[in-house]
Every structure is written in structure tokens, then in C-alpha cells.
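Take a look at the structure below.
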Amino acid sequence: MTILYTAKNGTYTNLNDILKEEKNIKHNVYVNLTNKCSCACTFCLRNTKEMDKSNSLWLDREPTSDEVIFEFEKYDLNNFNEIIFCGFGEPTMALDTLLKIATYLKNKNSNLTIRINTNGLCDLVYKKEIAPLFKGLIDTISISLNASNAKDYLNLTRNNFGLESFDAMLKFAVNCKTYIPNVVMTVVDCIGQEEINACQAICDKIGVTLRVRPFE
1 MTILYTAKNG
11 TYTNLNDILK
21 EEKNIKHNVY
31 VNLTNKCSCA
41 CTFCLRNTKE
51 MDKSNSLWLD
61 REPTSDEVIF
71 EFEKYDLNNF
81 NEIIFCGFGE
91 PTMALDTLLK
101 IATYLKNKNS
111 NLTIRINTNG
121 LCDLVYKKEI
131 APLFKGLIDT
141 ISISLNASNA
151 KDYLNLTRNN
161 FGLESFDAML
171 KFAVNCKTYI
181 PNVVMTVVDC
191 IGQEEINACQ
201 AICDKIGVTL
211 RVRPFE
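What follows is the structure, given as C-alpha cells:
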């Protein structure tokens, strides 16, 4: 079961394996918590790419916070660039586990940079505002914007919450600005320049950064 991994040239590699080969290079470390997701995005690797067993992040079961912390105990946290909660599932679907791990990491090394890559729909999942829980724990949150309007957003993400999901995701992004130093929204480049420009306008309006990421 791959819990901690790093990415190199589009390949997901168990952290322990890569550190055996590249001992003196600082890596971004990704934490794989869950297969669960409230979206079924049309462009997601889960739906578009066949993953062979050695390259798959699909979990046989969800790791506990203690199991993830045990894995981190094997390493010197000073040797990592950034810790990112991101896997084949939506990390906030394992919210309690995520918060316990982030608390451990910050207590261990307060200078460690921690990021969450998320679809931004956790307020709808838990029926409450989640952003305050990230105060002092999360340095960057990267939220998938994906589209410039509610209809296209729903068509792309095929999420469980209907048209209200778009406004809820934007509200979550605005709330995060109060509690998290760096709030970023992302789109994939395959949506076209006109749509990218429209998404940029949304980010400018709410005061967050837009990052255009390549379609894999």
C-alpha cells in the first residue's frame, strides 16, 4: 500500500524507493489517504489512464493517522520540500485523519510547508465550514476550479451536489483566505484559452491565484 509517494516525470513512486536512489535531493512528498471522491471528473486520471499495479495509488484500504505518522517517523522532515495531501481520492474525504497528520507534522517541524490539493467541496460533504480547521496547519490550498460557470463545472466534475456546488466551491476558496496563507485555484489547459480567461477573471474577483496545469 503506497501511503507516501513522490512524482517524477509523471510516474508515482513510493517515497522509500526513490530515496534509495536519490538520497541528496529534496522531494515533494505526497500523502495518499483515500480512494473516495465526491467528483468523477471527465479529465481525472482515475477515468482516463490505465495504471499498472506498480504505478497505482489505488488503496486496498484507507490508512489510519497512526500508520501515516509511523511512515513519516522513518524520515528527517528537513529533507522534504513540501508535504502535499493528494492521491487518487479527495483528501478531505478523510478529514479527521488529515488533520491529525498535519498537526503531528507541524508539531514536529513548524517550518514545514503543507499543502492540500482539493476539489473544494468539503463544506457540502460535512455540511459546515471546514476552512477554520486548517488554521495554523495548512500553508497552501490548491482548489480545482475547472470551469467558469456552474453548468460547465457540474458537467466536468460530475459531482454529487448539483449546480450549487460551483458557488459552494468559490465560497470555500474565499473562506480559506482567512485561515490559509496561500490560496490557489487551478484549471487544466485542455479547457481552452477563452475559458481559462474567464476563470482568471473569477480568481481576480475573489483575490486568489490561478494556476493552469497541463492535462496528463
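As numbered in full-length UniProt numbering, the sequence shown has no gaps in its residue numbers, which increase by one up to the final residue, 216. Each residue gets a CB set at the ideal place from its N, CA and C atoms; glycine is no exception.
- Across the structure, THR34 and LYS100 are spaced so that their CA atoms are roughly 15 Å apart.
- Between THR113 and ASP139 the beta-carbon gap is near 5 Å, inside 8 Å, which marks them as a contact.
- By the neighbour-count criterion, in which 16 or more other beta carbons inside 10 Å mark a residue as buried, ARG211 falls on the exposed side.
- For ILE114, the uninterrupted beta strand (DSSP E) segment begins and ends at 114-118.
- Relative to GLU82, the option among CYS37, GLU129, ILE141 whose CA is nearest is ILE141.
- Between GLU73 and ILE3 the beta-carbon gap is near 12 Å, outside 8 Å, which marks them as no contact.
- For the options GLU164, ILE206, ALA147, the alpha carbon positioned closest to that of LYS127 is the one of GLU164.
- Counting the other Cβ atoms within 10 Å of the Cβ of GLY136 gives fewer than 16, which makes it exposed.
- Note: ARG158 is not bridge-paired with any residue in the DSSP secondary-structure output.
- Membership of THR209 in the beta strand (DSSP E) is indicated by the continuous run 209-213.
- For the pair SER148 and ALA102, the CB atoms are not nearer than the 7 Å cut-off.
- Straight-line measurement puts the Cα of THR209 at about 25 Å from the Cα of GLY162.
- Inter-residue distance for ASN109 and ASN79 is about 11 Å (C-alpha atoms, whole angstroms).
- Annotation for LYS100: the continuous alpha helix (DSSP H) segment containing it runs 95-108.
- Residue pairing by DSSP puts ALA7 in a beta bridge opposite TYR12.
- Separation of the CB atoms of ALA168 and LEU124 is rounded to 5 Å, and the pair is thereby assigned contact status at 8 Å.
- Taking the CA atoms as reference points, ASN119 sits about 10 Å from PHE166.
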